Structures are given as structure tokens and as C-alpha cells.
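Taking it in order: structure first as C-alpha cells, then the write-up.
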Amino acid sequence: MAKVGIVMGSDSDMPVMAKAADILEELGVSYEMTIISAHREPDVFFEYAKSAEEKGFKVIIAGAGMAAHLPGMCAAIFPMPVIGIPMHTTSLGGRDSLYSIVQMPSGIPVATVAINGGANAGLLAAKILATSDPELLAKLKDYSAELKEQVVAKDARLQAEGYKAYLDGMKK
């Protein structure tokens, strides 16, 4: 049974939403990914959000661009956490999406990550689930340790090569 629902309004959102799925897969968290347009098929959307708890979802990650109603409408119907991912847009650079998601009315919260922040949405969903899953919490701690090791290795390289050689190596 999937613990996380990943929903997007368009397949153009897939590259960003895939980053959330990749993180969940890496951490061993089950998910279900769906494309549903809250505007073009409201009946299908309503059924999705209404049945999400019954399906076993504990968190929904919803990505949307422009008017970005999908995350907020999920939060209005689904009683557990919703994480919104604002999509970058060509007209306003994603600020339209960000404002639509983050400016929810009192009583209908949506946790919101950065514009195109798919990976962080996956991590936030995992952290929410880890509050009651010690095995997942251990995996998240290992993930954080790996991030630290990557930074330590980069600094060691910088100290050994100097910044000019480091930059030249980045350009290749």
C-alpha cells in the first residue's frame, strides 16, 4: 500500500515530480504517482483527494504551476499533510505558483518547498513518515551523513587543488 501520493496537474511537471519519487525510492518509501488536472477534470480530482486516506496515503505531494490550485484543494479535502511544489513558469518564473500554494487561508495549511523543489518534497514526506518509523528515520540519518561526506570530500579537493584547478575541473 502506497504511503505517499504524488500528484501533478500536467506531464510537464514530471521532471520535477520524478525527483520526489527518486528520493522516496532511495529511502524505500512506497508511493503512487498520478496526473490529475483539478481544473480540467474536477470530478476525478475530487475522488482522488477524497479516497486518498482510504488508500493508505499518509502524505500527498502535489505539484502545480500557474494558478496552482492542486495542492490547496488536496489540503482542503485530505486530512493529513500535503506538500506543495510550485512549478517554474515561463511567464512569472514560478512566483505565481509559489504564491498560490503558500498563501493558503487559515485552517488549510500546505507545506511548501522551493520552486521546482521535488527532492525536498520527497525528503519532507519521508521526514513526516519517520516520526513513527524508526527504520525510515535511520535511513534519513544515513542520507544526511552522506550529504556531509560529499561536502567534506569537496572541501578536501579544494584544499588539495586550489580554487582555480577546482573550477577548471568543474568546467569539464
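Take any residue in the sequence shown, note its place counting from 1, add 1, and you have its number in our numbering. Using N, Cα and C, we set each Cβ at its ideal position, and we do this for glycine too. All figures in this text were calculated on a predicted structure; none of them were measured in a lab.
*Three or more C-beta pairs closer than 8 angstroms, one from the segment 51–60 and one from the segment 92–108: is that the case here?*
The segment 51–60 makes no contact with the segment 92–108, as fewer than three CB pairs between them are under 8 angstroms.
*When we look at the beta-carbon of Asp169 and count the other beta-carbons within 10 Å, is it buried (16 or more) or exposed?*
By the 10 Å Cβ count, Asp169 comes out exposed.
*Compare the Cα-Cα distances from Gly6 to each of Glu42, Arg41, Cys75 and report the closest residue.*
Ranking the options by Cα distance to Gly6, first place goes to Cys75.
*Using only alpha-carbon positions, find the residue among Ala50, Ala39, Lys140 that is nearest to Gly66.*
Measuring from the Cα of Gly66, the nearest candidate turns out to be Ala39.
*Since Ala112 contacts Val83 with CB under 8 angstroms, what's their CB separation in whole angstroms?*
Going by Cβ atoms, the distance from Ala112 to Val83 rounds to 7 angstroms, so yes, they are a contact pair.
*Considering only C-alpha positions, which residue in the set Lys149, Ala154, Ala127 is nearest to Leu141?*
In terms of Cα proximity to Leu141, the closest of Lys149, Ala154, Ala127 is Ala127.
*If you pair each beta-carbon of the segment 25–35 with each one of the segment 79–94, do three or more pairs fall below 8 angstroms?*
Contact between the segment 25–35 and the segment 79–94 is absent, because fewer than three Cβ pairs lie under 8 angstroms.
*How would you call Asp156, buried or exposed, if buried means at least 16 neighbouring beta carbons within 10 angstroms?*
With a 10 Å radius around the Cβ and a threshold of 16 neighbouring Cβ atoms, Asp156 comes out exposed.
*In this structure, does DSSP put Ala63 in helix, strand or coil?*
Here Ala63 sits in strand by DSSP.
_Tell me the residue span of the beta strand (DSSP E) that contains Glu33._
Its beta strand (DSSP E) spans residues 32–36.
*Inside the segment 69–96 only - alpha helix (DSSP H) runs reaching at least 4 residues*: Qualifying alpha helix (DSSP H) stretches, in chain order: 71–78.
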